[in-house]
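Under my numbering, the very last position in the sequence shown is 106; numbers go up by exactly one each time.
Each residue gets a CB set at the ideal place from its N, CA and C atoms; glycine is no exception.
Note sheet for the following structure.
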Amino acid sequence: MTILAALLVAALLADGPAMAQSVNRLPVIRPPVIIIPPSMALTRALRQHPDAKPLGVKRKGNSYYVKLKKGNEVIVVEVDGGGGTGNSSGGGSDGGE
């Protein structure tokens with residue numbers, strides 16, 4: 010009877026898989042992603058178009074899209090969120106979207 014009780018206690022104490030059955034997984038290391046703040050994206054876009062007035066800043070992925078108005082022209086400047094380089098596009102005298 011004592012052997013049966015010892016086996017029962019051992020079975021109850023064995024909680025979870027044995028060490029040989031567990032899968033060894035390395036921890037996932039994620040690199041730090043540094044994205045510039047929206048104010049810096051606006052500053053960099055205004056450097057390209059100094060007489061323009063800002064209308065808005067939106068972020069999509071790692072890029073910022075800064076909407077500027079210069080006279081009757083609406084300009085959209087794409088600013089890279091990592092490096093801060095900008096590309097201008099847009100124009101025309103459309104008042105909005």
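Reduced DSSP secondary structure (H/G/I, E/B, other) of residue i
i	result
residue 18	helix
residue 34	coil
residue 43	coil
Close-in-space but distant-in-sequence residues of the same chain around residue i (CB under 7 angstroms, 5 per side omitted)
i	result
residue 76	64, 65, 83 and 85
residue 97	57, 84 and 86
Local Cβ density within 10 Å of residue i, reported as buried at 16 or more and exposed below that
i	result
residue 88	buried
residue 61	buried
residue 90	buried
residue 14	exposed
residue 19	exposed
Own chain partners of residue i with C-beta closer than 6 angstroms, once the 5 adjacent residues on each side are dropped
i	result
residue 105	Its pLDDT being 45, under 50, residue 105 is placed unreliably by the model, and the measurement read from it follows with that caveat. Within the same chain, residue 105 has no close Cβ partners at all.
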